[in-house]
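Here's the structure we're looking at; comments come further down.
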Amino acid sequence: MGSGYEVFLEGDNLARLLGGLWVSVSIALAAMAFSLVLGVPVGILMTNRRRWVRAVLQGYLQAVRVLPPLVLLFVFYFDLTYAGVNLSGQAAAVIVFTLWGTAEMADLVRGAVTSIPRHQYESAQALGLTPVQVQASIVVPQSLRRLTPLAVNLVTRMVKTTSLVVLIGVVEVLKVGQQIIDANRFDYPSAALWVYGAVFALYFAACYPISKLAGYLERKWQTA
Amino acid sequence: MDWTLVGDYLPLYGQAALLTLAVGVAGIAAAALVGLLVAALRYFKTPLASQLAGAYTELSRNTPLVVQLFFLYFGLPKLGVVISATQCAIIGLAFLGGSYMAEALRSGLDAVDRIQPESALSLGLTRWQALRHVVLPQAVAVAAPALTANVVFLIKETSVVSIVALPDLVYVAKDLIGNDYNTVEALALRVAAYLLLLQPISLAAQAWERSLRRGIGV
Amino acid sequence: MSRINIKPLALLLAPLAVLTACAAGPAEGANEAPSDSGAVGARTVQQIKDAGSIKIGVFSDKAPFGYVDSSGQYAGYDVVYGNRVAQDLGVKVEYVPVEAASRVAFLETGKVDLILANFTVTAERAEKVDFANPYLKVSLGVASPESAPITDIFQLNGKNAIVVKGTTAETYLEANNPEVKLTKFEQYTEATSALLDGRGDAWVTDNTEALAWTQANKGFVTGITTLGPADTIAGAVQKGNTDLLNWLNEELVTLGKENFFHKDFTETLEPVYGTTVSADDLVVEGGKV
Numbered sequence: 001m002g003s004g005y006e007v008f009l010e011g012d013n014l015a016r017l018l019g020g021l022w023v024s025v026s027i028a029l030a031a032m033a034f035s036l037v038l039g040v041p042v043g044i045l046m047t048n049r050r051r052w053v054r055a056v057l058q059g060y061l062q063a064v065r066v067l068p069p070l071v072l073l074f075v076f077y078f079d080l081t082y083a084g085v086n087l088s089g090q091a092a093a094v095i096v097f098t099l100w101g102t103a104e105m106a107d108l109v110r111g112a113v114t115s116i117p118r119h120q121y122e123s124a125q126a127l128g129l130t131p132v133q134v135q136a137s138i139v140v141p142q143s144l145r146r147l148t149p150l151a152v153n154l155v156t157r158m159v160k161t162t163s164l165v166v167l168i169g170v171v172e173v174l175k176v177g178q179q180i181i182d183a184n185r186f187d188y189p190s191a192a193l194w195v196y197g198a199v200f201a202l203y204f205a206a207c208y209p210i211s212k213l214a215g216y217l218e219r220k221w222q223t224a
Numbered sequence: 001m002d003w004t005l006v007g008d009y010l011p012l013y014g015q016a017a018l019l020t021l022a023v024g025v026a027g028i029a030a031a032a033l034v035g036l037l038v039a040a041l042r043y044f045k046t047p048l049a050s051q052l053a054g055a056y057t058e059l060s061r062n063t064p065l066v067v068q069l070f071f072l073y074f075g076l077p078k079l080g081v082v083i084s085a086t087q088c089a090i091i092g093l094a095f096l097g098g099s100y101m102a103e104a105l106r107s108g109l110d111a112v113d114r115i116q117p118e119s120a121l122s123l124g125l126t127r128w129q130a131l132r133h134v135v136l137p138q139a140v141a142v143a144a145p146a147l148t149a150n151v152v153f154l155i156k157e158t159s160v161v162s163i164v165a166l167p168d169l170v171y172v173a174k175d176l177i178g179n180d181y182n183t184v185e186a187l188a189l190r191v192a193a194y195l196l197l198l199q200p201i202s203l204a205a206q207a208w209e210r211s212l213r214r215g216i217g218v
Numbered sequence: 001m002s003r004i005n006i007k008p009l010a011l012l013l014a015p016l017a018v019l020t021a022c023a024a025g026p027a028e029g030a031n032e033a034p035s036d037s038g039a040v041g042a043r044t045v046q047q048i049k050d051a052g053s054i055k056i057g058v059f060s061d062k063a064p065f066g067y068v069d070s071s072g073q074y075a076g077y078d079v080v081y082g083n084r085v086a087q088d089l090g091v092k093v094e095y096v097p098v099e100a101a102s103r104v105a106f107l108e109t110g111k112v113d114l115i116l117a118n119f120t121v122t123a124e125r126a127e128k129v130d131f132a133n134p135y136l137k138v139s140l141g142v143a144s145p146e147s148a149p150i151t152d153i154f155q156l157n158g159k160n161a162i163v164v165k166g167t168t169a170e171t172y173l174e175a176n177n178p179e180v181k182l183t184k185f186e187q188y189t190e191a192t193s194a195l196l197d198g199r200g201d202a203w204v205t206d207n208t209e210a211l212a213w214t215q216a217n218k219g220f221v222t223g224i225t226t227l228g229p230a231d232t233i234a235g236a237v238q239k240g241n242t243d244l245l246n247w248l249n250e251e252l253v254t255l256g257k258e259n260f261f262h263k264d265f266t267e268t269l270e271p272v273y274g275t276t277v278s279a280d281d282l283v284v285e286g287g288k289v
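Line order of the protein sequences matches chains A, R and X.
In this text, residue positions in the first sequence follow my numbering: the first is 1, and each later residue adds one.
In this text, residue positions in the second sequence follow my numbering: the first is 1, and each later residue adds one.
In this text, residue positions in the third sequence follow my numbering: the first is 1, and each later residue adds one.
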């Protein structure tokens, strides 16, 4: 019986864990990129004067929040085949996380936009700016600053939620960890602690730089 | 949809929903307290405590609850500390949610001009009074969407407590799918249960958010 | 649940998905013709041969039946069988990692052709999928601390039994001993840690697993070595895919003649279970128990 940490030296275990981490991170980053692009306009629409626009978007937000990601993954990966659409596990995962990310992002944008004091709009209008100009030069720049730390929360949240994708056949870091623990459970009975410790460290290593980058951007924009 | 099955499953889901709610509420309350404390320590840049709070925030925000729970449940007994699954779940949620609450509050606090607490202090208010009466009401209003999103997020995060064998909604649904494969009924009930749990919370949160905004006139 | 009933859910979200899918380019296999049974993507033996590869759903973390070894290769008792199936079909094999809770969904939607994931045959499951003839039989065992041994299942009434989700132990106890409280985990290692930490009075699992584990862990015994009737484990195909099902059953007869599963046992299970179990206690040759 080995003492535990030696399990990483067996075969390609360490490389496999890193490969699994990349699966998590790449799904989260792709979904986040789509969410950023889609979330900003949707969020601004959420503050639209027309009641039905707000109602439709609120409906979407609530639906995505209430439906667990697991259900959405099942629908997009399995159920869509009945409608003739056969997505790969990765594609289904990116779509589901984009749907979720867009909704959350949009809500953050909405929160940031509505937190800008009314007098700023009024002053801008008084200066003769058009509604689009008001958005572009006053609302969006200020909102973005407030948004950054919150949007980063979302990326890390996504990386961490990707562990669900194993149910649709995509193997990410946590699953690789469980595979290693299980395959070695007779030779390395205490592998669990070490492997979960490594998974913990890997998640941290992936998410921490993203957080730091956001902090840097935040400071930079504040002084600008 | 087989409605007799739904009838059979209903009591199981009822119990599971109660457990999800109980763990969620306790965890969120604890997370809110942790979040407030951490945000305050960092806001006032209290020496050492502020750095500790910062380190905690990074650790909590950048690691998943599943792994945190695994440590509490399977790791601590190796050090001689055995705590129940429910305790693990609540501590885990507080550890995870605390940093999210703190970050939300921090973005709100940053939106309040530093001149305000300084003026409050110069008027003779204590730090705590300045925070409680001047800064926090505005910060909470700004942070409200993020705070309410966190509440919903944390209730949904309870879904991972099934890994420490707590029979919550996910545990029950996965069980039924794994044994009988009545996937549609099991998942539909799970969605319905979350809807019934989250919708009132979500609506209440929105109402709260609006009233806060009116309160500070933005 | 019939297949019709799942459709509204899919149709509800279909427009959205189609939009996204179109934006992302043509979806893989979107134009695949449905088979005669009307099910999605079930492939006949000929279609699999024409495609040149078979998709088999296996466990990736249930050693020694289906797991991924340290070099990232699928291995185990089920995988040795799967490799042989592919070899005799003359096609390449593509393994898809499945979970207990998603095994049936993978088959129903044609995401895999065959499931070889330690799949215990039960009446409920036979309504959803078609089982081939069995290739393994298991019985349950109960591991407990030496200081408080469980030698009769009724001793567990009102007490906590640890089980791994999706195993026979779970279904058996729920049906036959409802007074036993179950604490369920996803992984074998979680179950054994929980037993070591005193989070349950016993661990109910396949008898092979119980014997192997108690042999390696001082202070624990397998107080019950056979519990309930022996269950059989078989491959499963999509409901109505009789073509592939018949082929599998004929293949089992051929394999029986060369004692294939005894060799499989020696290669994959014996190193783990040692001499505690003999091959004849587990292996089913020719598809006949």
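Cβ coordinates follow ideal geometry from the N, Cα and C atoms, glycine included.
Within-7 Å CB hit, residue i to chain A
i: S107 of chain R; result: yes
i: P26 of chain X; result: Bear in mind that a pLDDT of 35 at P26 of chain X, under 50, signals an unreliable position, so the number given afterwards is only what the model happens to contain. Answer no: the Cβ-Cβ gap between P26 of chain X and chain A never drops below 7 Å.
i: A23 of chain X; result: Note that A23 of chain X scores 37 on pLDDT, short of 50, meaning its location in the model is unreliable and no value can be drawn from it.
i: L198 of chain R; result: yes
i: F95 of chain R; result: no
i: S102 of chain X; result: yes
i: S144 of chain X; result: no
i: T63 of chain R; result: yes
i: D243 of chain X; result: no
i: L187 of chain R; result: yes
i: V96 of chain X; result: yes
Residue burial classification, residue i (beta-carbon count within 10 angstroms, cutoff 16)
i: A183 of chain A; result: buried
i: E127 of chain X; result: exposed
i: Y216 of chain A; result: exposed
i: D8 of chain R; result: exposed
i: I83 of chain R; result: exposed
i: A55 of chain X; result: In the sequence on display, residue 55 of chain X carries Lys and not Ala. It counts as buried.
i: K165 of chain X; result: buried
i: N62 of chain R; result: buried
i: Q68 of chain R; result: buried
i: N13 of chain A; result: buried
7 Å Cβ cutoff, residue i in contact with chain X
i: Q179 of chain A; result: yes
i: R16 of chain A; result: yes
i: D180 of chain R; result: yes
i: N13 of chain A; result: yes
i: V82 of chain R; result: yes
i: R65 of chain A; result: no
Residues sharing a beta bridge with residue i, DSSP
i: S144 of chain X; result: X:V221
i: T232 of chain X; result: X:K137
i: T66 of chain X; result: Before going further, note that residue 66 of chain X is Gly rather than Thr in the sequence given. DSSP, once it has assigned bridges, lists X:K62 as partnering G66 of chain X.
i: L169 of chain R; result: Paired residue(s): none; L169 of chain R is not in a bridge.
i: L227 of chain X; result: X:L140
i: Y74 of chain X; result: X:V68
i: N62 of chain R; result: Looking at the DSSP assignment, N62 of chain R forms no beta bridge with any residue, so it has no partner.
Check whether residue i and residue j have beta carbons under 7 Å apart
i: I162 of chain X; j: L211 of chain X; result: no
i: L198 of chain R; j: V66 of chain A; result: yes
i: E218 of chain A; j: L154 of chain A; result: no
i: F220 of chain X; j: A143 of chain X; result: yes
i: Q142 of chain A; j: I116 of chain A; result: yes
i: A94 of chain R; j: V34 of chain R; result: yes
Residue i at chain R interface by Cβ criterion, 7 Å
i: V253 of chain X; result: no
i: S193 of chain X; result: yes
i: G38 of chain X; result: The predicted model places G38 of chain X with a pLDDT of 43, which falls under 50 and marks its position as unreliable; any figure quoted below should be read in that light. Chain R, which has no Cβ nearer than 7 Å to the Cβ of G38 of chain X, makes this no.
i: G228 of chain X; result: no
i: T162 of chain A; result: no
Chain-ordered chain B contacts of residue i [CB-CB under 9 Å]
i: Y188 of chain A; result: Absent from the structure: chain B. Protein chains present are A, R and X.
- Could you name the residues of the stretch 101–115 of chain A whose beta carbon sits closer than 9 Å to any beta carbon of chain R, in the order they occur along the chain? E104, D107, L108, R110, G111, A112, T114 and S115
- Message: Please list, in chain order, the residues of the stretch 25–43 of chain A that have any C-beta partner in chain R closer than 7 Å.
- Response: none
- Message: Any C-beta of chain R within less than 7 Å: which residues of the stretch 191–205 of chain A qualify?
- Response: A192, L193, Y196, V199, F200, Y203 and F204
- Along the stretch 66–81 of chain X, what residues have a CB closer than 7 Å to any CB found in chain A? Y67, V68, D69, S70, S71 and G72
- Task: Can you give me, in chain order, the residues of the stretch 26–53 of chain R that have a beta carbon less than 9 Å from any beta carbon in chain A?
- Result: none
- Which residues, in order along the stretch 71–99 of chain A, keep a beta-carbon less than 7 Å from a beta-carbon of chain R? V71 and F74
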